[in-house]
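In terms of our numbering, the sequence shown opens at residue -4 and continues consecutively.
No residue lacks a Cβ here, since even glycine has one placed at the ideal position from N, Cα and C.
Treat the numbers as computed from the prediction; the structure is a model and nothing was measured.
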Amino acid sequence: MAASDWIRPEIQALHAYAIPDARGLIKLDAMENPYPWPEQLKTAWADVLQQVALNRYPDPQATDMAAAVRATFAIPADQSLLFGNGSDEIIQIIAQALARPGHSLLTVEPGFVMYRMIALSCGLEYVGVPLRPDNFALDRAALLAAIKQHQPAVIFLACPNNPTGNLFAADDIAAVLAAAPGLVVIDEAYAPFTTTSYLPQLGQHDNLVVMRTVSKMGLAGLRLGFLAGPSDWLHEFDKVRLPYNINSLTQASAIFALQHHDIFTAQAAQICAERTRLTQALTTLPGVTVYPSATNFILLRTPPQQAETWFQGLRHQGILIKSLHQAHPALRDCLRITIGTPEENTALLRVLQTQS
Ligand SMILES: *Cc1c(COP(=O)(O)O)cnc(C)c1O
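1) Quick check on this structure: which residue in 281, 31, 240 has the alpha carbon closest to the alpha carbon of residue 262?
2) Would you tell me roughly how many angstroms separate the C-alpha atoms of residue 265 and residue 5, rounded to the nearest one?
3) Considering only heavy atoms of ligand 1, list every residue whose Cβ is less than 5 Å from one of them, following chain order.
4) Return the CA-CA distance between residue 19 and residue 83, expressed in angstroms with no decimal places.
5) In the DSSP assignment, find the alpha helix (DSSP H) that holds residue 110 and state where it starts and stops.
6) Any chance the CB of residue 172 is under 6 Å from a heavy atom of ligand 3?
7) Assuming residue 253 contacts residue 67 under a Cβ cut-off of 8 Å, what Cβ separation, rounded to an integer in Å, is found between them?
8) Pick from 72, 73, 272: whose alpha carbon is nearest that of residue 338?
9) Under 8 Å Cβ to Cβ from residue 33, same chain only, skipping five residues before and after it: list those, please.
10) Roughly how far, in whole angstroms, is the beta-carbon of residue 237 from the beta-carbon of residue 224, given that I think they are within contact range, below 8 Å?
11) Here's the rule I'm using: 16 or more other beta-carbon atoms within 10 Å means buried, otherwise exposed. How should residue 246 be labelled?
12) Looking at residue 86: is its Cβ nearer than 7 Å to the Cβ of residue 113?
13) Residue 48: buried (16+ other C-beta within 10 angstroms of its C-beta) or exposed?
14) Going along the chain, which residues of its own chain have a beta-carbon closer than 6 Å to the beta-carbon of residue 317, five neighbours each way excluded?
15) Could you tell me which of 166, 108, 176, 347 sits nearest to residue 302, measuring between CA atoms?
16) For residue 282, I'd like the list of residues in its chain whose CB is within less than 6 Å of its CB, leaving aside the five on either flank, ordered along the chain.
17) Kindly list the residues whose CB is nearer than 7 Å to the CB of residue 115, restricted to its own chain and excluding five residues on each side of it in sequence; keep chain order.
18) Rounded to whole angstroms, what is the Cα-Cα separation between residue 323 and residue 105?
19) Measuring CA to CA, which of 159, 109, 100 is closest to residue 128?
20) My guess is that residue 230 and residue 75 are in contact by the Cβ rule of under 8 Å, so how many angstroms apart are they, rounded?
21) Could you round the C-beta distance between residue 194 and residue 77 to whole angstroms and report it? I think they count as a contact, below 8 Å.
22) Taking DSSP as the reference, what is the three-state secondary structure of residue 190?
23) Touching or not, the segment 140 to 151 and the segment 11 to 18, by the rule of three or more beta carbon pairs under 8 Å?
24) Ignore the nearest five residues each way along the sequence and tell me which others in residue 312's own chain have a CB closer than 6 Å to its CB.
25) Give me the residue from 21, 187, 319 with the minimum Cα distance to residue 256.
26) Just to confirm my understanding: we take residue 134, look at its own chain, exclude 5 residues before and 5 after, and list those with CB closer than 6 Å. What are they?
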């Protein structure tokens, strides 16, 4: 008896999501918020955590947290909410509810790699439609043709997109919503860094849902994402969700953090200001293309064959970024840099300016 006799072939063909060891390094690889909380706030948070009854199961509906999320993010009152242990878990819940032979998940490439991994592990067919290689915009004709051909059960569009950093044009997304036979998920993981959102459009299309996470905003360690949309869909997804998927410490911490949401707004504004500075400085490096970003990271293309050298050079100087050179043919020579504190960004620029 061998595992390979039993594990599904599509699982055996997958590679586990690799996360490099970042101990001791300036960490500019994972779109985290670099700013810690003020000491006073940490103390107040610890007081809140002391009240949590760890001997009890968490509130399965996360009622108080839901009220805080609704108020903070202005979720339309007639729309339902579903929480996940990170938005990754929400992708998994959707895929589990929709998977059956012949059903597919469609998204764009290069895009967020978890859509494909989760589709395949849940038994959904996967369709990746290329973005336009010059500017990573949606290729409307190719998308509409693929939708017509595959009739996907669900379409995922991250807007802004990871790893390309750009927003998609509103009229392209409208065309997708009109053509989609099934569900359309707009993944707004990078909402803190842009003013564009599809939350106000909820209810105008019966197949539109919007997914958010608190990870990129500054709470990646909490593991909390949410889906907002029509109850027709969310009521069914809720049956797939494990009853206690949002633990008590996360619920209490999220309520506390959202009471101090202005801190995260201010941190996002600082990150956006650094995004402008870093973009300008990177653009002056010879032979480098910097792609416009509506996120907390910057995608750039180095001169030919330099991406790995730059990545390793930074690594030796104690700075970890993400090389996308091998990730997708459209990302040849590409690096993704998460925006750090001003000091971290200056350290990064110093290395790049000497080695380029
Ligand atoms: C980071 C990211 C997520 C995952 O967020 P978690 O809530 O941390 O699981 C989802 N979608 C996109 C596009 C992301 O970049």
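On the basis of the coordinates in this document:
1) On the sequence shown, position 267 is the one that residue 262 refers to. Nearest C-alpha to residue 262: 31.
2) As a first step, residue 265 must be located in the sequence shown, where it is residue number 270. As a first step, residue 5 must be located in the sequence shown, where it is residue number 10. Those two C-alpha atoms are separated by around 43 Å.
3) 81, 82, 83, 107, 153, 157, 182, 184, 208, 210, 220
4) As a working note, residue 19 is residue 24 in the sequence shown. As a working note, residue 83 is residue 88 in the sequence shown. Taking the straight line from one Cα to the other gives about 27 Å.
5) Indexing the sequence shown from 1 puts residue 110 at position 115. Looking at the DSSP string, the run of the alpha helix (DSSP H) that includes residue 110 is 108 to 117.
6) Ligand 3 is absent from the structure shown, which contains only ligand 1.
7) Taking the first residue of the sequence shown as 1, we reach residue 253 at position 258. Taking the first residue of the sequence shown as 1, we reach residue 67 at position 72. Sure, about 5 Å apart at Cβ, within 8 Å.
8) Reading the sequence shown from its first residue, position 343 is the one you call residue 338. Of the listed residues, the one whose Cα sits closest to residue 338 is 272.
9) Here residue 33 refers to the residue found at position 38 of the sequence shown. The answer, listed in chain order, is 258.
10) Here residue 237 refers to the residue found at position 242 when the sequence shown is read from its first residue. Here residue 224 refers to the residue found at position 229 when the sequence shown is read from its first residue. Wrong, their Cβ atoms sit about 20 Å apart, outside the cutoff.
11) In the sequence shown, the residue the question calls residue 246 occupies position 251. Residue 246 should be labelled buried.
12) Residue 86 sits at position 91 when you count from the first residue of the sequence shown. Residue 113 sits at position 118 when you count from the first residue of the sequence shown. In this structure, residue 113 lies closer than 7 Å to residue 86 by Cβ.
13) Residue numbering aside, residue 48 sits at position 53 when the sequence shown is read from its first letter. Counting Cβ neighbours within 10 Å, residue 48 comes out exposed, since fewer than 16 surround it.
14) Reading the sequence shown from its first residue, position 322 is the one you call residue 317. So the qualifying residues of the chain are 24, 331.
15) The count along the sequence shown starts at 1 and reaches residue 302 at position 307. Residue 302 has its Cα closest to that of 347, out of 166, 108, 176, 347.
16) Translated into the one-based positions of the sequence shown, residue 282 becomes position 287. Around residue 282: 298.
17) Looking up residue 115 in the sequence shown gives position 120. So the list reads 5, 9, 121, once near-sequence residues are dropped.
18) Position 328 of the sequence shown, counting from 1, holds the residue named residue 323. Position 110 of the sequence shown, counting from 1, holds the residue named residue 105. Near 6 Å, if we compare the C-alpha coordinates of residue 105 and residue 323.
19) Start at 1 with the first residue of the sequence shown, and residue 128 comes out as number 133. Nearest C-alpha to residue 128: 159.
20) Numbered from its first residue, the sequence shown carries residue 230 at position 235. Numbered from its first residue, the sequence shown carries residue 75 at position 80. Correct: roughly 7 Å between the Cβ atoms.
21) As a first step, residue 194 must be located in the sequence shown, where it is residue number 199. As a first step, residue 77 must be located in the sequence shown, where it is residue number 82. With a Cβ gap of about 14 Å, residue 194 and residue 77 do not count as contacting.
22) Mapped onto the sequence shown, residue 190 falls at position 195. Reduced to three states, the DSSP call for residue 190 is coil.
23) no
24) Taking the first residue of the sequence shown as position 1, residue 312 is located at position 317. Around residue 312: 346.
25) As a first step, residue 256 is located in the sequence shown; it is residue number 261 there, counting from the start. Selected option, being the one with the closest Cα: 187.
26) On the sequence shown, position 139 is the one that residue 134 refers to. Here the set comprises 127.
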